[in-house]
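Going down the list, the protein sequences come from chains A and B. Numbered as in this note's numbering, the first sequence ends at 562 without a single skipped number. Numbered as in this note's numbering, the second sequence ends at 1335 without a single skipped number. Think of the CB as a built atom: it goes at the ideal place given N, C-alpha and C, for glycine as much as any other residue. Computed from a prediction, not measured in an experiment: that's the story for all the values here. Here's the structure we're looking at; comments come further down.
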Amino acid sequence: MKRSIWQTLLLWVLPLAFLLIFFYQPLLAIFRLVFSAQFSQGWKLFRWSQITKPLAFTLYQATLSTVLTLVLGLPAAYLFARFDFAGRKFLRVLITIPFILPTVVVAAAFNTLLGPRGWLNLGLMSLFNLSAPPINMLNSLSAILLAHIFYNTSIVIRMVGSSLSRLRQNLPLAAQNLGASPWRAFKEVTLPLLMPAILSATLMVFLFDFTSFGVVLMLGGPQFLTLEVEIYNQAVNRFNLPVAGLLSIVQLAFTLLVSVLINRSKQPRYGKAALASESSGLREARTRWEKIFVIVMVVVLLLLMVTPTLSLLTRSFFTFDAARGERGELKTGFTLRYYRELFENREQSLFYVPPILAIRNSMIYASITMVLATVLGLISVYAIQKSGKLSRFLEPLIMLPLGASAVTLGLGFLIVFGGTVLTQGRFQALIPVAHTLVALPMVIRTLLPALRGIPENLRLAAKSMGASPLRVFREVDLPVLFRAIAVSLLFAFTISLGEFGASSFLSNTAMPTIPVAIYRYLSQPGALNYGQALAMSSLLMVVCVAGSLIIEQIHLPGEEVF
Amino acid sequence: MLSIRDIYKTYEGAPLLNGLSFDLAQGEIIALLGTSGSGKSTLLRIIAGLEEEESGTVYWDGVDLAQTPAHKRGFGLMFQDYALFPHRNVYENIAFGLRMQKRPEAEIEKIVGERLKSIRMESFSKRPVTELSGGEQQRVALARALAPDPRLLMLDEPLGALDRGLRDELTKELRQTLRDSHKPVIYVTHDRQEAFGLADRLLILHNGVIVQDGSPQELFESPANAWVAEFLGLGNLISVNDLSKNAIQEEKPKTNDDARWLLRPFDVQIGVFMNETPFQFEGEILDCVYMGERYQTKLRTAQGTVLSIETPHLCVMGEKIKVYWPTEKVQCLKS
């Protein structure tokens, strides 16, 4: 017995050491910096408005975004849970795509739709023969809100929709039978039973909106400062680390609070009694109002959730230089030029960095992340499973990084390792480490249910036939875990490819990742940059969509990874 | 009171209820019997207004209910899965219908108190319904259906989810509760014992229509057709091919080939061979089980038919015996 306890503790060493060095140490450093600054200079170092202003705006935009997301998401959840219509399944798949897209892709997509060189402006300009884009939707609160709706509606559809479709149909019918009008039955029975799902979806959406970084930075512009953007701003542009640190602490406190609330809201006291084992059947819209509802919802969903990605894809193949006011001939139409440019090193490019280099960097980082996160994840899940009650204390330690934003992570790295590694130009070596921290909770959530699903009897049977522990792992665990490991690798890979927050802190100018490069290309003028950004965004989107489709195909048993 | 006329309803393209009609009188308890999937539950939902018939009419006291929505019909329905509201406790579940009727709080409290007392669950008032046992849930569901004083009570397999022992116990209790309520009751089940034990009248639902409507005794004594006799488990149903050849030669039965004869196990005569009856068999004992007073015995005839018979004494397995049914005890049924 003693020996097995030591063996178990040995399993914890590697994951915990990794987290201590790369997560808890930076976190602690942020705290130390903030409080030492406070002791030496008092609160005078900060102006309260430096904290309260971004906090107030963050809360404001997150609340507004969440409310709007619910306004679209709740009827959409109802649409998918109740009605059958042509193209339903296809639309369902299209709608889950935004959620898995990296923030830079979303920013690029909205740019191609609403930006000065986007479809909307190009269309209006050619229609009315204008010389300048008539609409400026970018750098506005509405752009941020639209992108947040685009991003998070699928969370509401997924969480509320699955509850609604599995809600026992007899419950509202029983209410009607007892004298409640259909509306009253909805209010007294259906709605209260859906409330846990609505509440946790709301909190989840709020959390994503609250911590949103890339979207706000790229679509909002300099005047919209959320906590995340301001952390980045203070740390990178002003090098005011204490203020950035304090902002991080405020941010972390809110994130943890919301996470705790999410965990609570997920479990109603009556358990699963309101849900049937199978989802109820769909039906076609019958009355006139139902038909209008279905049509309106489909159109709205297509407009808000599908056009941005479609516009990105099409725009990346389309050249339209009229807007540039160039004297040469007007070129419009299909082109592969932007994609060809990805492989060319143009001396006169503003950035010296050809896109292919960013792609190479990202591939390297993603490959390292994939292996690192999966290996650490595997060790962690075995450690969690083997240690029984002890894991209740240790498991949260591993899952906590989920609560910290990538920007906070980047800031912590900057404080801890900035002095040493940065100067030697090896700072970007930390990028896969940061990506691993972001991916680890997802990897563990994928692997743990799969590992728990292996019956202990199988291992005992193998052991009784004389297999060594290593052999047991190879013959029993590995074949069962194989699919979960494949999903973990893919998860970690795509997360690393799309990660922007931490990378924006850590990558140096000469060695950007794909998202960082896209951000730079997008924020600079020039048709070619723009085209390159779109081509890269499209590629990134295709890779992420393919990855998630494969993950969906592998279809793991157990809880949904969210 | 309640009249059902020509109800027609399809399920996935095939007719489920095919022009079904029946009547229900005040204070009468009828049992609607049918196999699972025969449309019993659908019929209850149509009467309750929770599902729409494709054609046909539901009348109450001569009034067509087509324009009356479910919540205004005043028909109580107890669902097969009880459909207790999981987010409300026992008291709130029973009070729900009364609240919908906007009764004063004091009156609601009084009625719910009486209901809880009648099911002997006074102390359960604040309990979450999810913590109740199956039998307790069944009682609460019945109390909830009765509380708003419905003008008709419908029960959809109320004991279906319970195990055998509890079922027998609750059948008696349920019978008392239903009698005491003096309400017309439609009781849906696939269990004939339950139906015989509870109802004044039995309706057999088959192929979307009521194939027989009568008192338990009428059904028992003269089943409308072979399907009913088999469904009620009345005895052996045999065709011409099951008779021995020389029996046919001796006295050819005067019916068409589709007909079935019902040979009830307790009418069998053993040993003495009477030449007048064609229903005589020679066979081998397959099985013999003591059922109290008599033995339930299975016999395989020379034609290969297995017959159930009742014997006064234990038969040895493999033993060869001769049995016959007197012609006057045998019923000829349409198949």
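Item: Neighbour flag for B:Asp-1200 against chain A, beta carbons, 8 Å; Value: no
Item: Neighbour flag for A:Tyr-270 against chain B, beta carbons, 8 Å; Value: yes
Item: Where A:Gly-453 sits in the DSSP three-state scheme; Value: coil
Item: Under 9 Å from the C-beta of A:Gln-267: neighbouring residues of chain B; Value: Within chain B, no residue comes near A:Gln-267; the closest Cβ sits about 13 Å away, beyond 9 Å.
Item: A:Pro-102, buried or exposed, once every other Cβ within 10 Å from all chains shown has been counted against 16; Value: buried
Item: Own chain partners of B:Leu-1232 with C-beta closer than 6 Å, once the 5 adjacent residues on each side are dropped; Value: Arg-1192
Item: Beta-bridge pairing of B:Gln-1269 - partner residues as DSSP gives them; Value: B:Tyr-1324
Item: Below-8 Å beta-carbon distance, B:Thr-1068 vs any chain A residue; Value: no
Item: Proximity winner among A:Pro-75, A:Gln-385, A:Val-299, relative to A:Ile-5 (alpha-carbon distances); Value: A:Gln-385
Item: First and last residue of the uninterrupted beta strand (DSSP E) at B:Gln-1296; Value: 1295–1301
Item: Check whether A:His-148 and A:Val-215 have beta carbons under 8 Å apart; Value: yes
Item: Bridge partner(s) assigned by DSSP for B:Trp-1261; Value: B:Ile-1238, B:Cys-1332
Item: Exposure of A:Leu-247, with buried meaning 16 or more beta-carbon neighbours within 10 Å; Value: buried
Item: Straight-line Cα distance separating A:Leu-437 from A:Gln-38; Value: 29 Å
Item: Bridge partners - B:Val-1128, DSSP secondary structure assignment; Value: For the sequence presented, residue 1128 of chain B should be read as Pro rather than Val. Looking at the DSSP assignment, B:Pro-1128 forms a beta bridge with B:Asn-1089.
Item: Euclidean distance between Cα positions of A:Ala-563 and A:Phe-80; Value: Nothing about residue 563 of chain A can be read from this structure; chain A reaches only from 1 to 562.
Item: Span of the alpha helix (DSSP H), counted from its first residue to its last, around B:Asp-1023; Value: Per DSSP, B:Asp-1023 belongs to no alpha helix (DSSP H); it is in the beta strand (DSSP E), 1014–1024.
Item: Residue environment, A:Glu-128, which counts as buried when at least 16 other CB atoms sit within 10 Å; Value: Glu is not the amino acid found at residue 128 of chain A; the sequence shown has Phe there. Its Cβ having fewer than 16 others within 10 Å, A:Phe-128 is exposed.
Item: Test: B:Asp-1149 CB closer than 8 Å to a CB of chain A; Value: no
Item: Burial state of A:Gly-328, where buried means 16 or more other Cβ atoms lie within 10 Å; Value: The pLDDT assigned to A:Gly-328 is 46, lower than 50, so where the model puts this residue is not dependable; a value taken from the coordinates is nonetheless given after this. With fewer than 16 Cβ atoms within 10 Å of its Cβ, A:Gly-328 is classed as exposed.
Item: Listed by chain order, chain B residues near A:Ala-273 by CB distance under 7 Å; Value: Pro-1086, Thr-1130
Item: Test item: CB-CB of A:Val-205 and A:Asn-263 under 8 Å; Value: no
Item: Rounded distance between the beta-carbons of B:Leu-1152 and B:Phe-1075, thought under 8 Å; Value: 5 Å
Item: Cβ-Cβ separation, A:Ser-154 to A:Pro-75 (assumed contact under 8 Å), whole Å; Value: Between A:Ser-154 and A:Pro-75 the Cβ distance is about 14 Å, and since that is not below 8 Å, they are no contact.
Item: Continuous alpha helix (DSSP H) stretch holding A:Val-381: start and end; Value: 355–386
Item: The stretch 1092–1115 of chain B: positions lying closer than 7 Å to chain A by Cβ; Value: Phe-1096, Gly-1097, Met-1100, Gln-1101
Item: Contact set for A:Trp-119: own chain, Cβ-Cβ below 8 Å, skip 5 residues either direction; Value: Thr-112, Leu-113, Ser-311, Thr-314, Arg-315
Item: beta-carbon B:Gly-1062 near the ligand NAD non-hydrogen atom, thresh 7 Å; Value: Among the ligands in the structure shown, none appear at all, so the ligand NAD cannot be discussed.
Item: As assigned by DSSP and simplified to three states, the class of A:Phe-23; Value: helix
Item: Local conformation of B:Gln-1249 per DSSP, three classes; Value: In this predicted model, B:Gln-1249 has a pLDDT of only 48, less than 50, meaning its place in the structure is not dependable; the value taken from the coordinates is given anyway. Of the three classes helix, strand and coil, the one that applies to B:Gln-1249 here is helix, per DSSP.
Item: Exposure label - A:Thr-287; buried when at least 16 CB within 10 Å; Value: exposed
Item: Per-residue DSSP class, three states only, for B:Glu-1003; Value: Checking the sequence shown, residue 1003 of chain B turns out to be Ser, not Glu. It is a strand residue.
Item: CB of B:Thr-1042 within 8 Å of CB of B:Glu-1052, strictly; Value: no
Item: Where B:Thr-1010 falls: helix, strand or coil (DSSP); Value: strand
Item: Buried or exposed (CB count within 10 angstroms, at least 16 for buried), B:Ser-1133; Value: exposed
Item: Three-way DSSP call (helix, strand, coil) for A:Met-399 in this model; Value: helix
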